[in-house]
Amino acid sequence: MASETKLKARKARGFVDRGPGDVAATEAMLAAIRKVYEIYGFEAVETPLVEYTDALGKFLPDQDRPNEGVFSLQDDDEQWLSLRYDLTAPLARYAAENWTTLPKPYRSYRCGWVFRNEKPGPGRFRQFMQFDADTVGTASVAADAEICMMMADAMEAVGLKRGQYVVKVNNRKVLDGVLEAIGLAGDDNAGRRLTVLRAIDKLDKFGPEGVKLLLGAGRKDESGDFTKGAGLDEAQIDRVMKFVGVVAYLDFMGDDDKPSSALLFDGERKEIEPGKHTVLEALSYYFGDSPKALDGIQELHQIETIVRAAGYASDRIRIDPSVVRGLEYYTGPVYEAELTFEVPNDDGQIVRFGSVGGGGRYDGLVSRFLSEPVPSTGFSIGVSRLLAALKAISSPIVAAAKEPGPVVVLVMDRDRVGDYLALAKKLRDAGIRAEAYLGSSGMKAQMKYADRRGAPCVVIQGSNEREAGVVQIKDLIEGAKAAETIASNAEYKAARPAQVEVAEADLVETVRAILARHA
RNA sequence: GCAGCUGUAGCUCAGUUGGUUAGAGCGUCGGAUUGUGGCUCCGAAGGUCGGUGGUUCGAGUCCACCCAGCUGUACCA
37 MASETKLKAR
47 KARGFVDRGP
57 GDVAATEAML
67 AAIRKVYEIY
77 GFEAVETPLV
87 EYTDALGKFL
97 PDQDRPNEGV
107 FSLQDDDEQW
117 LSLRYDLTAP
127 LARYAAENWT
137 TLPKPYRSYR
147 CGWVFRNEKP
157 GPGRFRQFMQ
167 FDADTVGTAS
177 VAADAEICMM
187 MADAMEAVGL
197 KRGQYVVKVN
207 NRKVLDGVLE
217 AIGLAGDDNA
227 GRRLTVLRAI
237 DKLDKFGPEG
247 VKLLLGAGRK
257 DESGDFTKGA
267 GLDEAQIDRV
277 MKFVGVVAYL
287 DFMGDDDKPS
297 SALLFDGERK
307 EIEPGKHTVL
317 EALSYYFGDS
327 PKALDGIQEL
337 HQIETIVRAA
347 GYASDRIRID
357 PSVVRGLEYY
367 TGPVYEAELT
377 FEVPNDDGQI
387 VRFGSVGGGG
397 RYDGLVSRFL
407 SEPVPSTGFS
417 IGVSRLLAAL
427 KAISSPIVAA
437 AKEPGPVVVL
447 VMDRDRVGDY
457 LALAKKLRDA
467 GIRAEAYLGS
477 SGMKAQMKYA
487 DRRGAPCVVI
497 QGSNEREAGV
507 VQIKDLIEGA
517 KAAETIASNA
527 EYKAARPAQV
537 EVAEADLVET
547 VRAILARHA
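Numbering (my numbering), first residue to last: 37 to 555.
Structural data, given as structure tokens:
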């Protein structure tokens with residue numbers, strides 16, 4: 037009758053609800069990461085979800101879609117506000133606003149929801165959580181190296197094993213040098229530079245042939261849709277493919293710092309000196325004519341030296357020139373934490389989680405607000421994505437977060453609810469999670485309720501028991517096991533598996549024993 | 001954004017060349033069992049067939065447009 041205009045209960049597109057399991061697992065994971073950041077000496081800070089739109093800034097080379105992708109609203113004084121879309125821009129604002137009083141370099145971490153107003157997809161939502169750490173106010177590559185080390189430690193702190201993840205490091209200067217080398221320097225070429233970088237970034241997805249197409253005329257995808265390319269000439273494509281070739285070589289070898297090896301340069305075999313870094317040597321050979329590229333390669337050398345000295349081998353932190361990242365405010369080293377394992381999903385398809393975090397050096401971000409340069413570097417972990425990955429491999433940190441349900445006190449005589457609440461209180465006073473049933477259904481439904489709550493046991497006290505001063509306590513976990521061997525219903529009812537009758541005075545002690553049994 | 005595919009019960013799906021009151025399994029709720037979560041049996045609730053318009057005596061089925069979802073691609077601060 038009244039159903040004609042009923043509201044449909046539905047959540048907004050691209051947003052998700054999280055149940056008790058997810059909430060608990062997230063808490064556990066965040067605690068593990070926080071511990072790592074803390075022990076490195078980083079301190080907590082929290083900033084609002086809302087910032088003035090201009091503080092968030094959108095100074096990308098591709099200014100063609102200003103404000104798109106951001107949730108914005110106008111204040112009553114007509115100023116534009118936006119929901120933050122990452123944690124770096126708000127940190128830059130915070131650091132600038134408090135610059136005179138902060139200890140410098142300022143090392144801080146923060147965790148929170150960020151929002152992006154864009155098309156959601158599998159594993160991509162319009163609200164998600166990030167967990168960042170940043171060092172603000174130092175240009176030293178040691179800060180970059182330390183961030184990488186901390187990320188590698190964080191990955192292991194959440195239960196990933198060595199080999200299941202790798203932190204890849206590149207340098208924007210190397211990429212810029214490559215672009216410079218093919219004559220794409222200067223402001224007029226900003227758009228094409230971007231297209232080339234995006235093409236390089238697609239190596240994983242489409243392979244060298246796909247990248248080549250994207251550098252030239254363009255590429256058709258499997259639905260027949262066409263992607264326009266960068267329109268480079270053959271000589272330029274050739275040069276970029278040299279770079280791509282180095283990247284592909286690294287994929288092929290699987291290890292970037294073999295102590296010494298021979299390598300084919302333009303078909304000519306050359307020995308690489310012992311102790312030299314193969315990939316960086318190759319890059320120097322091909323792009324050594326660009327001062328910018330050399331500068332970047334030099335920085336990568338330094339980072340590598342630092343992390344190796346600190347005991348982080350290439351299975352944890354690795355130089356990888358294929359990391360492109362962001363394309364916007366990064367000015368130097370960039371990093372990406374990648375998961376290396378694959379897992380079948382519910383449909384049996386193989387899923388790669390890929391990147392679960394990334395970051396880099398952003399020397400221009402804080403100084404937008406100040407009259408002095410404030411070189412900074414930081415990293416962001418995609419919390420939701422990392423959690424999804426940990427769930428897929430049944431990581432202990434996720435499993436351990438699962439709480440058992442409360443002990444449920446069944447309500448047998450509705451007019452004596454007070455007595456049942458008193459029983460529950462007795463358990464609570466002993467530190468046991470407990471509740472009396474507050475619905476209106478009969479005993480059978482109450483048992484189902486307890487079952488669904490994951491209750492370890494139920495407490496039953498009808499008039500007979502009350503008069504005798506006793507309670508029935510049924511162990512639901514043992515009971516379920518026992519039930520498997522009982523075939524007929526009558527027998528099942530009569531058996532009352534895993535149920536004991538004890539004096540009311542022994543209630544707490546008996547429940548405790550059951551909890552201990554299943555702990 | 002672009003391209004392709006798909007929309008029928010809470011979920012997974014049937015539904016014949018257009019033909020009467022749109023079905024099944026699972027799930028949910030109730031009963032058998034008035035005090036026991038499983039099993040079994042019985043029963044019930046639950047649908048504007050994504051929406052709007054059109055063709056037709058008649059549309060879940062055919063047509064147009066719209067909306068939503070999925071996949072790919074683009075973008076991703």
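Yeah, the Cβ is synthetic: ideal placement off N, Cα and C, and Gly gets one too. Computed from a prediction, not measured in an experiment: that's the story for all the values here.
What are the boundary residues of the beta strand (DSSP E) that residue i is part of?
i	result
Phe262	262-264
Leu423	Looking at the DSSP string, Leu423 is not in any beta strand (DSSP E); the run it does join, the alpha helix (DSSP H), is 419-428.
Thr83	Looking at the DSSP string, Thr83 is not in any beta strand (DSSP E), and its letter there is neither H nor E.
Met165	163-172
Gln535	535-539
Gln572	The structure shown does not extend to residue 572, since the chain is modelled only from 37 to 555, so the question has no answer here.
Ile522	Unbroken run through Ile522: none, as it is neither H nor E.
Leu138	Where Leu138 is concerned, there is no enclosing beta strand (DSSP E), given that its DSSP letter is neither H nor E.
Ser391	386-397
Lys155	Here Lys155 belongs to no beta strand (DSSP E), and DSSP marks it neither H nor E.
Lys204	201-207
Val402	Careful: Val402 lies outside any beta strand (DSSP E) and carries neither H nor E.
Tyr145	142-151
Nearest CA to the CA of residue i: which residue from the options?
i	options	result
Leu551	Lys517, Val538, Glu501, Gly467	Gly467
His554	Ile513, Asn153, Asp399	Ile513
Leu127	Glu74, Gly475, Leu85, Val387	Leu85
Gln53	Ala345, Tyr456, Ser420	As written in the sequence, residue 53 is Asp, which differs from the Gln given in the question. Of the listed residues, the one whose Cα sits closest to Asp53 is Ser420.
Arg129	Leu109, Asp180, Phe161, Ser403	Ser403
Met165	Val392, Gly227, Ser477	Val392
Ala193	Ile433, Val547, Lys209	Ile433
Phe279	Asp511, Val544, Glu216, Ile183	Glu216
Lys427	Ala60, Phe51, Ala518	Ala60
Lys264	Val360, Gly252, Ile273	Gly252
Ala271	Val544, Ile218, Asn206, Asn207	Ile218
Phe167	Gly148, Val444, Val360	Gly148
Arg352	Ala132, Pro327, Arg160, Gly199	Gly199
Val106	Val150, Asp223, Glu540	Val150
Leu233	Lys204, Arg361, Ser350	Arg361
Gly505	Asp542, Ala534, Lys71	Asp542
Ser416	Pro56, Ala169, Met65	Ala169
Gly173	Asp455, Thr521, Pro141	Pro141
Asp283	Asp240, Tyr485, Leu250	Sequence check: residue 283 is Val here, not Asp. Checked all of Asp240, Tyr485, Leu250; the closest Cα to Val283 is Asp240.
Asp455	Ile429, Glu540, Leu220, Ser431	Glu540
Glu74	Ala179, Ala132, Met186, Glu133	Met186
Thr83	Ile69, Thr124, Asp274	Thr124
Thr341	Ser320, Gly414, Ala178, Gly195	Ala178
Gly347	Asp511, Ser524, Gly490, Cys184	Cys184
Compare the beta carbon distance of residue i and residue j with 7 Å and say whether it is the shorter of the two.
i	j	result
Ile333	Leu316	yes
Ala266	Thr314	no
Thr62	Leu423	yes
Leu446	Tyr201	no
Arg255	Gly246	yes
Arg146	Tyr121	no
Ser144	Phe78	yes
Val495	Leu459	yes
Ala181	Val359	no
Phe389	Ala425	yes
Gln508	Glu537	yes
Lys204	Asp356	yes
Gly213	Lys328	yes
Glu335	Asn206	no
Val72	Ala190	yes
Arg469	Pro492	no
Ala486	Gly515	no
Under DSSP, the alpha helix (DSSP H) around residue i begins and ends at which residues?
i	result
Ser499	499-504
Ser358	It is not in any alpha helix (DSSP H) - Ser358 carries neither H nor E in the DSSP assignment.
Ala437	Run containing Ala437: none; DSSP gives neither H nor E here.
Glu471	Not the alpha helix (DSSP H): Glu471 falls in the beta strand (DSSP E), residues 470-472.
Ile496	Here Ile496 belongs to no alpha helix (DSSP H); instead the beta strand (DSSP E) covers 493-496.
Val453	453-465
Lys238	Element bounds for Lys238: n/a, residue is neither H nor E.
Ser320	314-323
Leu551	543-554
Exercise for review: Evaluate contact between the region 394-402 and the region 366-373, counting only Cβ atoms and requiring at least three cross-stretch pairs below 8 Å.
Suggested key: yes
Review point. Is it a yes or a no for the region 76-92 touching the region 105-125, going by three-plus beta-carbon pairs under 8 Å?
Key: The region 105-125 and the region 76-92 touch, with three or more beta-carbon pairs separated by less than 8 Å.
Practice item. Evaluate the contact criterion for the region 481-492 versus the region 524-532: three or more CB pairs, one atom per stretch, below 8 Å. Key: no
Review point. Should the region 155-164 be called in touch with the region 405-413, which here means at least 3 C-beta pairs below 8 Å?
Key: no
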